[in-house]
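For the sequence shown, the positions run -29 to -1, 1 to 201 when mature numbering (1 follows the signal peptide of the UniProt record, and there is no 0) is used.
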Amino acid sequence: MRILPEPRGSVPCLLLLVSVLLSATLSLARVVEVVGYAESKIKTPHAFSGLRVTIDCKVNKGHFVTKGSGNIDDKGKFGLNIPHDIVSDNGALKEECYAQLHSAAGTPCPAHDGLESTKIVFLSKSGDKHILGLKQNLKFSPEICVSKFFWPMPKLPPFKGFDHPFPLPPPLELPPFLKKPLYKPPVVVIPKKPCPPLPQLPPLPKFPPLPPKYIHHPKFGKWPPLPPHP
């Protein structure tokens, strides 16, 4: 029987390294509430068509980085997964994260109640699964955050030949309106009597000239000199 020599310098050993990564799945499930005008009669399933939600977290120097995105169903609910490294073991968030609503065209919609109302908070924990959510429901206005169903009306040029007058019905002929006659008494003209003729006055008599206003004193004579009497 042949005996094989024992190898020297190295010992064959087989190392099996098994790494099991258990990551917490972060799911967001909140109801998006539609805020609109009552007279518009907006149907809720159509208002959510094409809307998306992204989770943006604040990093250094105030910059935001998108950690996940998901679509909204016809009931207003959305669910998405974000990286588990931003959540500690006790469920506290290592970064400030906010939910951002996007329209069907991809335009960010303004927050209805401010940025603080869209902040992500810890809700519960089930094993390795962390449940996160919002402080309150996302609110938006369909006039600002437009879905696929409510596209804005395009501005088209006026159609050619559409400036013809519309036929109008003939005017309605009404019978003449007869007013009640108003009695007015005749105007009485009173004749004026002629004035009597003016009487003829006799001619004025000729009177002698008036004496001078200054009577001369016999001692002083005609002094002071007076103008001749007319």
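Built from N, CA and C at the ideal position, the CB exists for glycine as well.
The beta-carbon separation of V30 and E66, rounded to 7 Å, stays under the 8 Å limit for a contact. Straight across, the Cα-Cα distance linking P54 with H17 is about 31 Å. Pairing N52 with D84, the inter-Cα distance amounts to about 25 Å. It is roughly 31 Å from the alpha-carbon of Y154 to the alpha-carbon of K164. With respect to the C-alpha of C68, the residue from F93, L139, S112 having the closest C-alpha is F93. When only Cα atoms are considered, V24 and C80 end up about 10 Å apart.
Rounded to whole angstroms, the separation of the alpha carbons of C28 and L64 is 10 Å.
Within the segment 19 to 106, there are no complete alpha helix (DSSP H) runs of at least 4 residues. Ranked by how close their Cα comes to the Cα of G41, the residues S74, P138, L169 have S74 in first place.
A straight line joining the alpha-carbon of L103 with that of T89 spans about 12 Å. Going by beta carbons, A82 and I26 fall outside the 8 Å limit. When the five nearest sequence neighbours on each side are left out, the beta carbons in the same chain lying within less than 8 Å of the beta carbon of L105 are those of L(-2), R1, A70, S88, T89, K90, I91, V92, in order along the chain.
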